[in-house]
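Trainee:
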Amino acid sequence: MKSWTLRAAALLCIVCLAGCDRSSRMVPAEFHKDEELVVYCPHPLEFINPIVSEFEEQTGIKVEVCTGGTGELLNMVEDRKEPRCDIFWGGSLSTTMAKSELFEPYISKNESMIQEDYRNREGNMTRFTDVPSLLMVNTNLAGDNIIEGYGDLLKPELFGKIAMCDPSTSSSAFEHLINMLYAMGGGDPEAGWDYVEAFCKNLDGKLLQSSSEVYQGVAEGRYTVGLTFEEGAAHYIASGYPVSVVYMKEGVISKPDVVCIIKGSGHMESAKQFVDFVTGKDAQTVISESLGRRSVRTDVNEPEYLLDKQEIHIIYDEEGVVKENKMEWLRHFSEVFQSTLN
Amino acid sequence: MKKGRYFKDELRRLIMGYAIIPAVGFTLICTLVFLAVLLYGKKSGNESHNAFVAEELEKVLTGYEEKLDALSDSDLLFDRDSGAAGRMAVFEQFYRMSEQLGYKADLYVFDDEKRVLLSSRKDIPEYLSGREDIRWGLFGAMDGNPGETRVRLMEAWKGSEQDIALGMAVMRGDKKAGYLIFTINSSQFKPALDRSESQTIIADRFGWVYLSSSYNLVSSSSQVLKVLETAGRFLPYEKKMYLISVHPAYHNMFLIYSVTDIQNIVFSLGLSSALIITALVLMTIWVLISTKKVTERKTRDFYRLLHVMEKARNGNLDASIEIESENEFRIIADAYRETIASLKLQMENNRKMTELVAASQNKQLESQFNPHFLFNTLENIRYMCIIQPETAGKMVFSLSNLLRYSLDGSRTEVTLEEDLEHLENYLTILKYRFNRRFTYVIDVEAEALSCKIPRLVLQPMIENSVKYGFGNQENLRVELKAYIHEERLIMICRDDGIGMTPGVLSDIQALLEQEENNKRHSGLYNIHRRCRILYGRPYGVEIRSAEGLGTTLVVTLPAQREEL
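Those protein sequences? They're chains P and X, same order as listed.
196 is the number that the working numbering gives to position 196 of the first sequence; each next residue is one higher, with no gaps.
Position in the second sequence (from 1) plus 342 gives the number in the working numbering.
1. List the residues of chain P that Val588(X) touches, going by C-beta distances under 8 Å, in chain order.
2. Going by DSSP, what residues sit across from Ser295(P) in a beta bridge?
3. Could you tell me which of Ala591(X), Leu577(X) and Tyr592(X) sits nearest to Leu585(X), measuring between CA atoms?
4. When the distance is taken between beta carbons, is Ile543(X) closer than 8 Å to Val560(X)?
5. Listed from N- to C-terminal order along the chain, which residues in the region 34 to 49 of chain P have their beta-carbon within a distance smaller than 7 Å of any beta-carbon of chain X?
6. Under 8 Å, Cβ to Cβ, is there at least one residue of chain P near Lys456(X)?
7. Looking only at its chain, what residues have a beta carbon closer than 8 Å to the beta carbon of Thr369(X), apart from the 5 residues adjacent to it on each side?
8. Give a yes or no on whether the minimum CB-CB distance between Lys568(X) and chain P is below 8 Å.
9. Taking only beta-carbon atoms, is Ala447(X) less than 8 Å away from chain P?
10. Use the C-beta contact count for Leu762(X): other C-beta atoms within 10 angstroms, 16 or more gives buried, fewer gives exposed.
11. Skipping 5 residues on each side, what residues in its chain have a beta carbon closer than 8 Å to that of His870(X)?
12. Asp282(P) CB to nearest chain X CB: under 8 Å?
13. Alpha carbon to alpha carbon, what distance is there between His649(X) and Met343(X)?
14. Please check if any C-beta of chain P sits within less than 8 Å of the C-beta of Ala661(X).
15. Rounding to the nearest angstrom, what Cα-Cα distance links Arg457(X) and Ile607(X) in this structure?
16. Quick check on Glu468(X) - is its C-beta less than 8 Å from some C-beta in chain P?
17. Hey, is Trp478(X)'s beta-carbon within less than 8 Å of any beta-carbon in chain P?
18. Can the beta-carbon of Ser792(X) be found closer than 8 Å to that of Thr754(X)?
19. Ignore the nearest five residues each way along the sequence and tell me which others in Thr770(X)'s own chain have a CB closer than 8 Å to its CB.
20. Where do the ends of the beta strand (DSSP E) carrying Ser386(X) lie?
21. At a Cβ threshold of 8 Å, is Gly574(X) touching chain P?
22. Quick check on the burial criterion: 16 or more other C-beta atoms within 10 angstroms. Buried or exposed for Gln605(X)?
23. So with CB distances below 8 Å, who are the chain X contacts of Ser290(P)?
24. Examine the Cβ distances between the region 256 to 271 of chain P and the region 326 to 334 of chain P and report whether three or more of them are shorter than 8 Å.
25. Is the region 489 to 498 of chain X touching the region 510 to 530 of chain X in the sense that three or more CB pairs, one from each, lie closer than 8 Å?
26. Where do the N-terminal and C-terminal ends of the alpha helix (DSSP H) with Ile627(X) fall, by residue?
27. Taking 8 Å as the CB-CB limit, is Ser23(P) close to chain X?
28. Return no unless some Cβ of chain P is closer than 8 Å to the Cβ of Arg547(X).
29. Under the three-state reduction of DSSP, which class applies to Gln442(X): helix, strand or coil?
30. With H, G and I counted as helix, E and B as strand and the rest as coil, what does DSSP make of Asp453(X)?
31. Would you mind sorting Phe609(X) into buried or exposed? The rule is 16 or more other CB atoms within 10 Å of its CB.
32. Residues in the region 97 to 115 of chain P with C-beta within 9 Å of chain X's C-beta atoms, listed in sequence order?
33. Give every residue of the same chain whose Cβ lies closer than 7 Å to the Cβ of Lys206(P), excluding the five residues on either side of it in the sequence, and list them in chain order.
34. Among all the DSSP beta bridges, which residues are the ones paired with Leu749(X)?
35. Could you give the residue range of the alpha helix (DSSP H) that holds Leu765(X)?
36. When the Cα atoms are used, what is the spatial distance from Arg693(X) to Ser702(X)?
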């Protein structure tokens, strides 16, 4: 009798275990792609999805997208987190330059069509788009305040109403820091720190963690003015939000962002295809015409809805100096900001 | 008692084996079956919902593909001159199709230069803003394969929703006439997804989500999570267990995932198993304790019976049985009591009977007097009457004393001293009869004199020596000894006669051991038989002899002293 019970129990266990068999995949074999490219990308999703899905449709290569802040994603690449990154797409040149040792040298086949200023001089940092820094203003909240440049951000009326991101996590914020230092220092970054100090005091201790919080915050009225980049703002203008953009009258540094292959990528061919695709004429045209960015190509017109670059007071930084001082400047900024908290 | 303990344990095992284990086993099996049924129900629910969504999608997309094909043949489409009437005809046809399929779509017609001709909505989605010079998006796909239906998953207005766009570059001859496009917004499938509690994801072949009711298996970039893509039937994810069903739809362009949270079932499975096992342990402990008491109580009468029987086996028939309960044990006890009672009666009768038989036998044996001795003595007396009349008188006196003693049936047992006194008569006769040829010595411990012995034991011992001792020998010397050794009275009669041949010795020994003596009555047999009857084994006569060395008789009796 006992052995009968035991046998029944054993049988039941076997049936259960057989039922729990997890070895077989549920997804049919034809959906399994050999090539699966992993792209780390700080861009907004509305920007990423159309380009990536078009790339997938045209090449048949499946892409897995990981989003996040530039600094955070770069750290993930360094730490070799899973899924292992193949392409680092986005992030301003100033930020990614400091980690250029992570990238595989590759000159895209479109390099000849790239504007002179945005050529891949380093060999492993293909420029993707031209991203001027700017101020985004909520027109409903600004009222009579005329905001034309960095100088106006020191107005007491804007105390605590400025959306600024932590430069150590967001590449667009770091671009703004460089821009401030050069614009307000009159070409000498060290001279710009006085302004940075005054600016930090007017932040009322508020520093955001992600660049998306800046443009969302301004568009949704949490802040009056935000320090962001062109495309982030353009998207909201196009969507009919009560926002406007201000190109700083003290000077605007227009830095490109990059698309790079990660060293040791297991999908080198697909990765190269991806770089070629996003710097290609089709992708760049779409980006320029409907995604709110300026192309780096010579054969793509500037978008009609963006201010002509000729009318912007463009200034330039020194790439060498920026690369060399990045850590020091970030530390300095953090120090200045911390001091305003007390 | 050892067997009895086994019986008790057997009774306990019986309760365990036939009550507890089957009960717990049955509960366990029922629970497992119940959960298996529950799981199966969830699984089939998940599966059927998944299949339903896949079928719906398949039906809608195939339906619209057919409609697209049918509508593309209409000449009214790209005819700018048809005006309001043409427009109306096209839309009438389109709305009818839409109605048939049950899922609403939007219709867009573009001319060959990607300008809008007809639109069912005021605003044109971003992805349909055509560009002349580049190969991109839906237009790019349609241009790549003119005359064929292309299906793409597109991001709808503001990226908050997705559209499935079916489009075709319509050819008239070799010339491109324009584009016909249907778009189906993901919101159309929401009701289908909401029909089940399962989380369902509709994704394209690259894992981009068209519509999802899942809250945690879609990445922030709106792609299906890798864990789901590589999952088997069961997916453990973020400390929860999910049941997965997957169906492809529409030329393997779309995948429908259905995911059901079975954490509750897994949890209850674990919990109920734990509970049942705990119950089993507790019940086992309880049963071990309680059955000990119960079986002890229930088997108490049994053990009482057993105890009494055990005593009876050891000879004690007087133990009584106390049975309280009114069950079968009482009947057994009563029957046993009756049996024992009748047994006791029987035994008492037997004992009495034996005593009677022994007494009569003893009487018969002790009254036997050797006729040879009588004859020989009388012959001697006759002879003496002639030569020594005085001696003859003494002999007659001794013989008459001897006869009186042997005929006195009033007492069975006498003291050794008494028997010795009467032996003197016998010895006197022998002395007269054999004169110098016969000598004797009597050596009796004083202590032994008061011992009780059967009447007339000593005389046959001497008689035996005389009978077998002389042979052709001139003289015979007889020694009679008596002493007490280890609570036994030992009487020894030793002579220096011719002894017995081994054949005679073994004959006599065999004769002694017989229960019934059918041959002539020998004196030795007499005393042996009487000792056995009166005292039982191992008392009686032992005979040792060797040819030429004389004979020794040993009579052993219990040392019973005369009570004063």
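In this text, a Cβ means the ideal position worked out from N, Cα and C, and glycines have one as well.
Note that this is a predicted model, so its numbers are computed, not measured.
Mentor: Concretely, from the data shown:
1. Here residue 588(X) corresponds to residue number 246 of the second sequence, with the count starting at 1. In chain order: Met26, Val27 and Pro28.
2. Position 295 of the first sequence, counted from the start, is the residue given in the question as residue 295(P). Looking at the DSSP assignment, Ser295(P) forms a beta bridge with Thr129(P).
3. Taking the first residue of the second sequence as 1, we reach residue 585(X) at position 243. If you compare the alpha carbons of Ala591(X), Leu577(X) and Tyr592(X) with that of Leu585(X), the shortest gap goes to Leu577(X).
4. Locating residue 560(X) in the second sequence gives position 218, where the first residue counts as 1. Locating residue 543(X) in the second sequence gives position 201, where the first residue counts as 1. Yes.
5. Taking 7 Å as the Cβ-Cβ cut-off against chain X, the residues of the region 34 to 49 of chain P that qualify are Leu45, Glu46, Ile48 and Asn49.
6. As a position in the second sequence, residue 456(X) is number 114, starting the count at 1. No, no contact with chain P.
7. Start at 1 with the first residue of the second sequence, and residue 369(X) comes out as number 27. Closer than 8 Å at the Cβ level, and outside the excluded window around Thr369(X), lie Ile618 and Ala621.
8. On the second sequence, residue 568(X) is found 226 positions in, with the first residue counted as 1. Chain P, which has a Cβ nearer than 8 Å to the Cβ of Lys568(X), makes this yes.
9. Here residue 447(X) is taken as the residue at index 105 of the second sequence, counted from 1. No - not a single Cβ of chain P is within 8 Å of the one on Ala447(X).
10. For the purposes of this step, residue 762(X) is taken as the residue at position 420 of the second sequence. When all chains shown are included, Leu762(X) counts as buried.
11. Sequence index remark: in the second sequence, residue 870(X) carries index 528 (1-based). When the five nearest sequence neighbours on each side are left out, the beta carbons in the same chain lying within less than 8 Å of the beta carbon of His870(X) are those of Leu854, Gly882 and Val883, in order along the chain.
12. Within the first sequence, numbered from 1, the residue matching residue 282(P) stands at position 282. Yes, contact with chain X.
13. Working through the second sequence from its first residue, we reach residue 343(X) at position 1. Working through the second sequence from its first residue, we reach residue 649(X) at position 307. Low confidence applies here, because Met343(X) scores a pLDDT of 45, under 50, leaving its location unreliable and the question unanswered by this model.
14. Position 319 of the second sequence holds residue 661(X). No, because no Cβ of chain P sits closer than 8 Å to the Cβ of Ala661(X).
15. What you label residue 457(X) is simply residue 115 of the second sequence in a count that begins at 1. What you label residue 607(X) is simply residue 265 of the second sequence in a count that begins at 1. Per the coordinates, the alpha-carbon of Arg457(X) lies some 57 Å from the alpha-carbon of Ile607(X).
16. Walking along the second sequence from the start, residue 468(X) turns up at place 126. Interface residue, yes.
17. Numbered from 1 along the second sequence, position 136 holds the residue referred to as residue 478(X). At least one CB of chain P lies nearer than 8 Å to the CB of Trp478(X).
18. Numbered from its first residue, the second sequence carries residue 792(X) at position 450. Numbered from its first residue, the second sequence carries residue 754(X) at position 412. In this structure, Thr754(X) does not lie closer than 8 Å to Ser792(X) by Cβ.
19. Taking the second sequence and counting its residues from 1, the one referred to as residue 770(X) is at position 428. Lys736, Met737 and Ser740, listed in sequence order.
20. What you label residue 386(X) is simply residue 44 of the second sequence in a count that begins at 1. Taken as a continuous stretch (DSSP letters only), Ser386(X) belongs to no beta strand (DSSP E), being part of the alpha helix (DSSP H) at Ile363 to Ser414.
21. Stepping through the second sequence from its first residue, residue 574(X) is reached at position 232. Under the Cβ criterion of 8 Å, Gly574(X) is counted among the residues facing chain P.
22. The residue you call residue 605(X) lines up with position 263 of the second sequence. Classification of Gln605(X): exposed, given that the 10 Å Cβ count is below 16.
23. In the first sequence, counting from the first residue as 1, residue 290(P) sits at position 290. Listed along chain X, the residues sitting closer than 8 Å to Ser290(P) by beta-carbon distance are Glu468 and Ser471.
24. In this structure the region 256 to 271 of chain P does not touch the region 326 to 334 of chain P; the number of beta carbon pairs closer than 8 Å is below three.
25. Contact between the region 510 to 530 of chain X and the region 489 to 498 of chain X is present, because at least three Cβ pairs lie under 8 Å.
26. By 1-based counting over the second sequence, the position of residue 627(X) is 285. For Ile627(X), the enclosing alpha helix (DSSP H) stretches over residues Gln605 to Lys640.
27. The residue given as residue 23(P) occupies position 23 in the first sequence. Its pLDDT being 48, under 50, Ser23(P) is placed unreliably in this model, and the value from its coordinates should be taken loosely. Yes, Ser23(P) lies at the interface with chain X (some Cβ there is under 8 Å from its Cβ).
28. To locate residue 547(X), count along the second sequence from 1; it is residue 205. Answer yes: the Cβ-Cβ gap between Arg547(X) and chain P drops below 8 Å somewhere.
29. Walking along the second sequence from the start, residue 442(X) turns up at place 100. Three-state result, Gln442(X): helix.
30. For the purposes of this step, residue 453(X) is taken as the residue at position 111 of the second sequence. It is a strand residue.
31. Counting from 1 along the second sequence, the entry for residue 609(X) is found at position 267. Around the C-beta of Phe609(X), fewer than 16 other C-beta atoms lie within 10 Å, and the residue is accordingly described as exposed.
32. If the cut-off is 9 Å between Cβ atoms, the region 97 to 115 of chain P has nothing near chain X.
33. If you number the first sequence from 1, residue 206(P) lands on position 206. Closer than 7 Å at the Cβ level, and outside the excluded window around Lys206(P), lie Gly160.
34. For the purposes of this step, residue 749(X) is taken as residue 407 along the second sequence, with counting starting at 1. Beta-bridge partners assigned by DSSP to Leu749(X): none are found.
35. Here the question's residue 765(X) lines up with position 423 in the second sequence. Taken as a continuous stretch (DSSP letters only), the alpha helix (DSSP H) holding Leu765(X) covers Leu758 to Phe776.
36. Locating residue 693(X) in the second sequence gives position 351, counting from the first residue. Locating residue 702(X) in the second sequence gives position 360, counting from the first residue. CA-CA distance, Arg693(X) to Ser702(X), rounds to 14 Å.
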